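Reading through the structure tokens given below for one structure.
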Amino acid sequence: MTAILNGLSRVLHAICVALFAALVLLVVWQVFTRLVLNDPSPWTEEAARFTFVWVSLIGIAIATGEKADVVMDFLVEKLPRSLQRVADIIAYLCTLTFALVVMVFGGLHQVTLAWTQTNPVLPFTQGQLYLALPISGFLLSLFLIVHIVGALSRAYVGHIPQEDEEAASL
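My numbering applies: residue 1089 is where the sequence shown begins, and numbers increase by one.
Shown next as structure tokens:
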């Protein structure tokens, strides 16, 4: 399972790098056509906006998968180890609920509503562009479920901190 998730994370990283490179090129082209040619390209601003949204939403899933997301744990760190796990699981469950309800189900509803809405400057419908939300929500949920299972298994098995593992091996 870990190998699959690591592979998925690498693929998501590659997608984000490609999208970010496209975003940079779009913005550079927009600036060039606006300032140098005095004829701004009509589609680059919209394309850059949606590329930014995709990069951001996929980046959320990557950060969560790697536990690199922003957390405010100054209070949690003061708790005993067992309560820290409980706090982590509660935080994961709250985030999972948000990801499923708002991002996946709400996103799918929005995609359905906008699926036939044409975009005036891009060859995609608005619904196709909005797919970033439920896709990101699904990926986020997947990583959160793995973190919840990991936290629960450590709670039942009794996770040995890194320092204790080194001492036990001596």
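For every residue, glycine included, the Cβ atom is placed at its ideal position computed from N, Cα and C. Just so it is clear, the structure is predicted and the values come from calculations on it, not from any experiment.
Given residue i as reference, the closest of the options once Cα atoms are compared
{"i": "V1209", "options": "W1142, E1133, T1200 and Y1180", "result": "E1133"}
{"i": "A1135", "options": "F1186, L1113, P1222 and E1154", "result": "L1113"}
{"i": "V1189", "options": "Q1205, I1178, L1107 and G1225", "result": "G1225"}
{"i": "Q1214", "options": "A1102, T1152, V1119 and F1138", "result": "F1138"}
{"i": "K1155", "options": "D1176, W1203 and V1164", "result": "D1176"}
{"i": "I1223", "options": "L1196, T1090, T1206 and L1096", "result": "L1196"}
{"i": "V1159", "options": "A1179, R1169 and S1144", "result": "A1179"}
Buried or exposed by the 16-neighbour rule on C-beta atoms within 10 Å, applied to residue i
{"i": "I1248", "result": "Its pLDDT being 45, under 50, I1248 is placed unreliably in this model, and the coordinates cannot settle the point."}
{"i": "F1193", "result": "exposed"}
{"i": "A1191", "result": "Per the sequence shown, residue 1191 should be read as Met rather than Ala. M1191 comes out buried."}
{"i": "A1187", "result": "buried"}
{"i": "L1167", "result": "exposed"}
{"i": "G1246", "result": "Any answer about G1246 is weak, because its pLDDT of 49 lies below 50 and its placement is not dependable; what the coordinates show is given next. Exposed, since its Cβ has fewer than 16 Cβ neighbours within 10 Å."}
{"i": "G1153", "result": "buried"}
{"i": "L1219", "result": "buried"}
{"i": "A1091", "result": "exposed"}
Integer Cβ distance of residue i from residue j, believed to fall under 8 Å
{"i": "L1232", "j": "T1183", "result": "6 Å"}
{"i": "R1122", "j": "P1128", "result": "4 Å"}
{"i": "L1181", "j": "I1236", "result": "7 Å"}
{"i": "Q1198", "j": "L1217", "result": "Rounded, the Cβ-Cβ distance is 11 Å, inconsistent with contact."}
{"i": "R1242", "j": "R1173", "result": "7 Å"}
{"i": "L1093", "j": "V1234", "result": "6 Å"}
7 Å Cβ cutoff met for residue i and residue j
{"i": "W1142", "j": "L1107", "result": "yes"}
{"i": "A1149", "j": "L1228", "result": "yes"}
{"i": "L1171", "j": "F1140", "result": "no"}
Residue i (DSSP reduced to helix, strand or coil)
{"i": "T1071", "result": "Residue 1071 is absent from the model: the chain starts at 1089 and stops at 1258."}
{"i": "S1097", "result": "helix"}
Any non-hydrogen atom of the ligand PLP closer than 6 Å to residue i Cβ
{"i": "I1178", "result": "Annotation note on the ligand PLP: not contained in the displayed structure, which lists no ligands."}
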